[in-house]
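To start, the structure itself, in structure tokens.
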Amino acid sequence: GAVVSQHPSWVICKSGTSVKIECRSLDFQATTMFWYRQFPKQSLMLMATSNEGSKATYEQGVEKDKFLINHASLTLSTLTVTSAHPEDSSFYICSASGGLQDTQYFGPGTRLTVL
Amino acid sequence: GDSVTQMEGPVTLSEEAFLTINCTYTATGYPSLFWYVQYPGEGLQLLLKATKADDKGSNKGFEATYRKETTSFHLEKGSVQVSDSAVYFCALSGGSGGSNYKLTFGKGTLLTVNP
Numbered sequence: 000g001a002v003v004s005q006h007p008s009w010v011i012c013k014s015g016t017s018v019k020i021e022c023r024s025l026d027f028q029a030t031t032m033f034w035y036r037q038f039p040k041q042s043l044m045l046m047a048t049s050n051e052g053s054k055a056t057y058e059q060g061v062e063k064d065k066f067l068i069n070h071a072s073l074t075l076s077t078l079t080v081t082s083a084h085p086e087d088s089s090f091y092i093c094s095a096s097g098g099l100q101d102t103q104y105f106g107p108g109t110r111l112t113v114l
Numbered sequence: 009g010d011s012v013t014q015m016e017g018p019v020t021l022s023e024e025a026f027l028t029i030n031c032t033y034t035a036t037g038y039p040s041l042f043w044y045v046q047y048p049g050e051g052l053q054l055l056l057k058a059t060k061a062d063d064k065g066s067n068k069g070f071e072a073t074y075r076k077e078t079t080s081f082h083l084e085k086g087s088v089q090v091s092d093s094a095v096y097f098c099a100l101s102g103g104s105g106g107s108n109y110k111l112t113f114g115k116g117t118l119l120t121v122n123p
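Line order of the protein sequences matches chains Z and X. According to the numbering used here, the first sequence is numbered sequentially starting from 0. According to the numbering used here, the second sequence is numbered sequentially starting from 9.
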């Protein structure tokens, strides 16, 4: 099946720094990529949807200036957490699909800890 | 808005036991319903889905029936194996949220199967 990778798998950073997380579709072209956030023992919450070559669409309550999403190619999307703070510590998961209505294939997630 | 409630885990079973993981949902309209599975260290994978009332999704011995009258989509397997140990997520799309592609997830249920 389709494979999606994320890098890094975990990251620890200091408060105030920025962190970039990569999401790659390894064997298919991902027209659409999704970014989710998951707190311990909570559901995955959709943060934003991005289509290749266009601006991301953010869910209500998600700060677009804090969570910068770039989807510059059909195989790569990045999420940059700017000026990270401890409350941004979470598990970030991406998914990729060939189109909005298509099956989403999920990455393994990235654990972010902000000290 | 849409929501998914699934039984809290962890669930621990012996090999060959019968499995049920309950899932109920709240949504208007006619959502599609999904079960995803996440094996240790891997991304979520679509296990099965159903797109209309009374549909039964099945895969790898797992089954779930879309029950509109009880707004439920319970996951069952007649005889679990150690390799079924994973986290299981119930999800829906296309409900009152309005967008067919947006997934709303339950919190996940950790299943551990002992030999």
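All residues carry an ideal CB built from backbone N, CA and C; glycine is no exception.
task = Quick one: list the residues of chain X neighbouring G97(Z), beta-carbon separation under 7 Å, in chain order.
result = Taking the first sequence and counting its residues from 1, the one referred to as residue 97(Z) is at position 98. Correct list: empty, because the minimum Cβ distance to chain X is about 12 Å.
message = At the level of alpha carbons, what is the spacing between E50(X) and V95(X)?
response = Within the second sequence, the letter at position 42 stands for residue 50(X). Within the second sequence, the letter at position 87 stands for residue 95(X). Taking the straight line from one Cα to the other gives about 11 Å.
Chain X contact residues for K40(Z), given Cβ-Cβ distances below 7 Å = The residue given as residue 40(Z) occupies position 41 in the first sequence. For a Cβ distance threshold of 7 Å, residue set K115 of chain X lies close to K40(Z), ordered along the chain.
message = Starting from V45(X), trace the beta strand (DSSP E) in both directions and tell me its first and last residue.
response = One-based indexing of the second sequence puts residue 45(X) at position 37. It spans S40 to Q46 - the beta strand (DSSP E) in which V45(X) sits, taken as one unbroken run.
key: Reduced DSSP secondary structure (H/G/I, E/B, other) of S89(Z)   = By one-based count along the first sequence, residue 89(Z) stands at place 90. Shown here, S89(Z) sits in a strand according to DSSP, grouped into three states.
request  = Check whether the Cβ of L52(X) lies closer than 7 Å to any Cβ atom in chain Z.
outcome  = For the purposes of this step, residue 52(X) is taken as the residue at position 44 of the second sequence. Answer yes: the Cβ-Cβ gap between L52(X) and chain Z drops below 7 Å somewhere.
task = Could you work out which residue in S94(Z), M44(Z) and T81(Z) is closest to K63(Z) when comparing CA atoms only?
result = Reading the first sequence from its first residue, position 64 is the one you call residue 63(Z). Looking only at S94(Z), M44(Z) and T81(Z), the smallest Cα-Cα distance to K63(Z) is reached by T81(Z).
Of the listed residues P48(X), Y33(X), Q46(X) and A58(X), nearest to S40(X) (C-alpha basis) = Here residue 40(X) refers to the residue found at position 32 when the second sequence is read from its first residue. The shortest Cα separation from S40(X) among P48(X), Y33(X), Q46(X) and A58(X) belongs to A58(X).
message = Using C-beta distances below 6 Å, list every residue in its chain close to F27(Z), excluding the 5 sequence neighbours before and after it, in chain order.
response = Stepping through the first sequence from its first residue, residue 27(Z) is reached at position 28. Around F27(Z): A1.
message = Do F90(Z) and G106(Z) count as a contact pair if the criterion is CB distance below 7 Å?
response = Residue numbering aside, residue 106(Z) sits at position 107 when the first sequence is read from its first letter. Residue numbering aside, residue 90(Z) sits at position 91 when the first sequence is read from its first letter. No. Outside cutoff.
query = Between the stretch 74–88 of chain X and the stretch 60–80 of chain Z, do at least 3 Cβ pairs fall closer than 8 Å?
reply = The answer is no - the stretch 60–80 of chain Z does not touch the stretch 74–88 of chain X, with fewer than three Cβ pairs under 8 Å.
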